[in-house]
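There are 2 protein chains.
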Amino acid sequence: MTDFVAACRRAIGAQHVLTEEADTAPYLLDRRGRFTGAACAVVRPASTEEVAAIVRLCNEFDVPIVPQGGNTGLVLGGIPDRSGKAVVLSLQRMECIRAIDTVNNTMTVEAGCILQRVQQTAADARRLFPLSLAAEGSCTIGGNLSSNAGGTAVLRYGNSRELCLGLEVVTPQGEIWNGLRGLRKDNTGYDLRDLYIGAEGTLGIITAAVLKLFPQPKAQRTALAALHSPADALRLLTLVQRQCDATLTGFELMSGFCLELVVRHFPQTPLPFNTPYPYYALLELSDHESEMHAAELLDAAIDQAHEQGIVHDAVTAHSLAQSQQLWALRERIPLAQAAEGRNVKHDISLPISRIADFIDATGSELQQSYPGLRPVIFGHLGDGNLHYNIAQPASESDTWLLPHQDAITRIVHDSVHRFDGSISAEHGLGSMKRDEILRYKSPVEMKLMRTIKQALDPRNLMNPGKVV
Amino acid sequence: MTDFVAACRRAIGAQHVLTEEADTAPYLLDRRGRFTGAACAVVRPASTEEVAAIVRLCNEFDVPIVPQGGNTGLVLGGIPDRSGKAVVLSLQRMECIRAIDTVNNTMTVEAGCILQRVQQTAADARRLFPLSLAAEGSCTIGGNLSSNAGGTAVLRYGNSRELCLGLEVVTPQGEIWNGLRGLRKDNTGYDLRDLYIGAEGTLGIITAAVLKLFPQPKAQRTALAALHSPADALRLLTLVQRQCDATLTGFELMSGFCLELVVRHFPQTPLPFNTPYPYYALLELSDHESEMHAAELLDAAIDQAHEQGIVHDAVTAHSLAQSQQLWALRERIPLAQAAEGRNVKHDISLPISRIADFIDATGSELQQSYPGLRPVIFGHLGDGNLHYNIAQPASESDTWLLPHQDAITRIVHDSVHRFDGSISAEHGLGSMKRDEILRYKSPVEMKLMRTIKQALDPRNLMNPGKVV
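So this is what it looks like as structure tokens:
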């Protein structure tokens, strides 16, 4: 192993090969603090050629590779196991924005670019890069693509997959595939790009990407609607989509209990209604005409929903500050939940039409097994993506959850499966859900995935123990 | 071979296994009449299980399989070679619309459904399935997906790839993969769906798909703008996209020579301007508010382009009939070209920002080698997709082209490659461009593609001789 480390030092410079515990610790610790891995070294190459050189050394010395971006993943996809055999390959020094093309509406960036910087660079050129998520200040675009990150603008702009036109990848053999195309149409063979996107670094290392840009909206408008049920939220979604089409860029569902928690732990964020309601929807329009047009469009849709008895009360933001206040209700849910204590988290997706029935059926099933259990339901309803979290019964302390969490997850995931949903909507599988998925994927699908893995990475050096 | 045919007859019924020349001929003839293949039989299974049964028989008897939809492909992707060893597997009897879900905005259809029927079924449910192309009356959705078809609405809605959420596929071993998910987010492993889409039947047979639906627009508005150059067309595109965003659903470029041909061969379609211009752009807005809103939006954009000296003249359609008249100018280009005689066709794409320079550079190069050659340039400028066709010099008859066509294509494709474009934007590779692509794809990319093919179809039974 010392030979391998020495060879890495020669390849990319000694100062970029970390082996001291104090230096490597941040790369080995899961961001949520649930797990610490071990590695023979953390290497920080600065170029695609250096990444390829390291991968070739890993082949020579038979060293497994764990690619890592901003280390903000939620499923242990970028953390090595505890054997200490693997090397962590951090892409953080590959942070060059290689090109921006405002006519083609594309930007070519290296994998280690922080998402927020990508957004800002686009904005400086009067363009929108729409990917947006909680970790945007520290996650990297390479990690976003490797995990096919979702976020809050998927309804209008799609997941990371839909925001990428081309990739540069270092293969498990240390070769460089230059697929950095900025084309909207290209039917010349197999879609390698989409195979690497979402593969969580198990098929190769994404080193650069061509991203799609969009015209910046001229105005944004936010509203909070009070609802009686998830079924009404679905009716509202259909109505607003029909009237506003692509202008609707956000549609978030929140249960009454979510906002009860937010108001309890963040008294500076009051509920803008006199009485609480069972459910709320947060709507956002992004308009390319004017503030006034956005306001008219949103008001008309909400008025109509009011008349049809779908919406019982609603507030619309009349300023950026008011809009941020409404979004704060949504964004503070995870923090409020953490302040309340432990909870069991699930990142699930469902056919949108089945969400209301799923919430009913799963809630009943959980209550039957664990009377008093409190679901904390929120998420991107427009994409069918729920964060379906579970808090202990009000009468118990949160340690009550510990012995029950696996059984609770089993009930939730089995129900997701019955409703034709997915047990990982936007977080990936990593090593955390790698066994769990075997319960739900067909043997045919698992075999296809393993066949591809075996063909592209026959020595199983790329992020072993993750995904498949 | 008679054993194989007999086994097929037992598996799916004798009347669905065609061997008489009169019966098989339509399946063996390329739609443009350039090639006739041979097959031991044409089989027409009616269900996924029957498709799987046939594929298992092909494995048993070592018979290559050529899947076929509506046989409207342009690159010989669905026609067998002349050896007569292969079986043509037609999906035409698999034409069930399995489900439609207007809340999830999805439709589950079998591969043999004609595209126009899919569009109509969506429209009957007040939804839009936006894929639209010249062959829509006879092409099938399975073929559209296998070739990742593009068409006229890509600018707003994407290629076939972006319009599909899930697939059902029969593998080369005759197993059935049920990936018929109707989910907007699902990060549970490798993206098998996008691997089969665009693979032209070389990795498996798509038997059914979950398609995305959209709200129907309330109004459409069409305009024709007269321009001096492709560079001005790009300026117009940027301006209209900034003001109209997703409302802009079509942006077609046409050279003056294209419309000269249309007017010559279709005198009933006059040019709506007093003088001809070097270039034209056809714009289409699809609006979810009202006719009036669409008109205001389009007029404002064109007025502004006028003021900036980008647009020199423009007409806007004030009725459906007028709109169809404008679209007829675009749609009749291929027919007018055919009436004028032979031509050398190229289906190319480029980064949008490089199109003007590409047209200049390629035109000069062609003129240098072949003075008087007449490019017929039109296409989906908003997607960077040009149909860059070539007619003989005006002084020659069209047989002049025959000895020169390969050299002309070489100049065009080499230029496309220099400008970072693709030599097949929306038609695929088939067997026609299978060798051509070797000039332009890197050895690394070809190796990756062959590795995947070899892994998933080790016996090379699936559409051999196509793509890789």
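Residue numbers (the UniProt record's numbering), protein chains in the order written: chain A, 1 to 468; chain B, 1 to 468. For each residue, glycine too, the CB sits at the ideal point set by N, CA and C.
Of the listed residues the options, nearest to residue i (C-alpha basis)
i: A:Arg-366; options: A:Ile-452, A:Ala-153, A:Asp-414 and A:Pro-270; result: The sequence given here places Leu at residue 366 of chain A; Arg does not occur at that position. For A:Leu-366, the nearest C-alpha among the options comes from A:Asp-414.
i: B:Gly-158; options: B:Met-94, B:Arg-242, B:Gln-268 and B:His-380; result: B:His-380
i: A:Gly-382; options: A:Phe-251, A:Glu-49 and A:Asp-23; result: A:Phe-251
i: residue 469 of chain B; options: B:Gln-268, B:Ala-233 and B:Pro-403; result: Residue 469 of chain B falls outside the range modelled here, since chain B spans only 1 to 468, and no answer is possible.
i: B:Asn-105; options: B:Val-55, B:Pro-276, B:Ala-122 and B:Ile-355; result: B:Ala-122
i: B:Ala-46; options: B:Val-118, B:Gln-15, B:Glu-20 and B:Pro-64; result: B:Gln-15
i: B:Leu-224; options: B:Gln-454, B:Thr-451, B:Gly-363 and B:Gln-322; result: B:Gln-322
i: A:Gln-243; options: A:Ile-411, A:Ala-301, A:Pro-375 and A:Val-210; result: A:Ala-301
i: A:Phe-257; options: A:Leu-271, A:Asp-3, A:Ala-246 and A:Pro-278; result: A:Pro-278
i: B:Ile-114; options: B:Leu-203, B:Leu-128 and B:Leu-91; result: B:Leu-91
i: A:Met-462; options: A:Val-87, A:Phe-419 and A:Glu-284; result: A:Val-87
i: B:Ile-206; options: B:Ala-52, B:Ala-339 and B:Pro-217; result: B:Ala-52
i: A:Gly-341; options: A:Gly-363, A:Gln-325 and A:Ala-391; result: A:Ala-391
i: A:Gly-430; options: A:Asp-191, A:Asn-343 and A:Ala-199; result: A:Ala-199
i: A:Phe-61; options: A:Glu-20, A:Ala-305 and A:Ala-7; result: A:Ala-7
i: B:Ser-395; options: B:Tyr-370, B:Val-416 and B:Gly-70; result: B:Tyr-370
i: A:Leu-89; options: A:Val-118, A:Cys-58, A:Arg-117 and A:Gln-119; result: A:Cys-58
Backbone CA spacing between residue i and residue j [nearest angstrom]
i: B:Arg-9; j: B:Pro-464; result: 24 Å
i: A:Gly-166; j: B:Thr-249; result: 23 Å
i: B:Leu-18; j: B:Val-42; result: 5 Å
i: B:Val-109; j: B:Ile-97; result: 4 Å
i: A:Val-55; j: A:Arg-459; result: 12 Å
i: A:Arg-93; j: A:Gln-68; result: 11 Å
i: A:Asp-232; j: A:Tyr-280; result: 10 Å
i: B:Glu-445; j: A:Trp-327; result: 44 Å
i: B:Asp-406; j: B:Thr-362; result: 15 Å
i: B:Asp-360; j: B:His-306; result: 24 Å
i: B:Ala-25; j: B:Ile-65; result: 17 Å
i: A:Val-169; j: A:Leu-448; result: 22 Å
Proximal residues to residue i (C-beta, below 8 Å), its chain only, five neighbours per side dropped
i: B:Thr-72; result: Arg-31, Ala-135, Ser-138, Cys-139 and Gly-143
i: B:Asp-299; result: Thr-316
i: A:Gly-421; result: Ile-348, Ser-349, Leu-350, Pro-351, Arg-354, Phe-358 and Gly-384
i: A:Pro-276; result: Gly-256, Leu-259 and Glu-260
i: A:Arg-450; result: Val-468
Close Cβ partners of residue i (< 6 Å) along its chain, the five nearest in sequence each way excluded
i: residue 525 of chain B; result: No answer is possible for residue 525 of chain B: it lies beyond the span of chain B, which begins at 1 and ends at 468.
i: A:Ala-38; result: Arg-82 and Gly-84
i: residue 471 of chain B; result: With chain B running from 1 to 468 in the structure shown, residue 471 of chain B is simply not present.
i: B:Met-432; result: Val-75 and Leu-76
Cβ shell of residue i (< 7 Å), same chain only, five flanking positions each side left out
i: B:Asn-385; result: Gly-150, Ser-349, Gly-379, Ala-425 and Glu-426
i: B:Ile-197; result: Leu-145, Asn-148, Ser-160, Arg-161 and Cys-164
i: B:Ala-295; result: Arg-221
Those residues which DSSP pairs with residue i across a bridge
i: B:Tyr-388; result: B:Ile-377
i: A:Phe-251; result: A:Leu-283
i: B:Pro-230; result: Answer is none; B:Pro-230 lacks a bridge partner.
i: A:Lys-212; result: A:Thr-106
i: B:Val-42; result: B:Leu-18 and B:Val-88
i: A:Gly-13; result: Answer is none; A:Gly-13 lacks a bridge partner.
i: A:Pro-67; result: A:Leu-89
i: A:Arg-410; result: DSSP, once it has assigned bridges, lists no residue as partnering A:Arg-410.
i: B:Leu-29; result: B:Thr-36
i: A:Val-170; result: A:Ile-176 and A:Ile-205
For residue i, the three-state DSSP class (helix, strand or coil)
i: B:Gln-308; result: coil
i: B:Val-5; result: helix
i: B:Val-51; result: helix
i: A:Arg-459; result: coil
i: B:Cys-244; result: helix
i: A:Ala-149; result: coil
i: B:Cys-164; result: strand
i: B:Ala-223; result: strand
i: B:Ala-134; result: coil
i: A:Ser-397; result: coil
i: B:Thr-451; result: helix
i: B:Asn-343; result: coil
i: A:Asp-101; result: strand
i: B:Ala-314; result: strand
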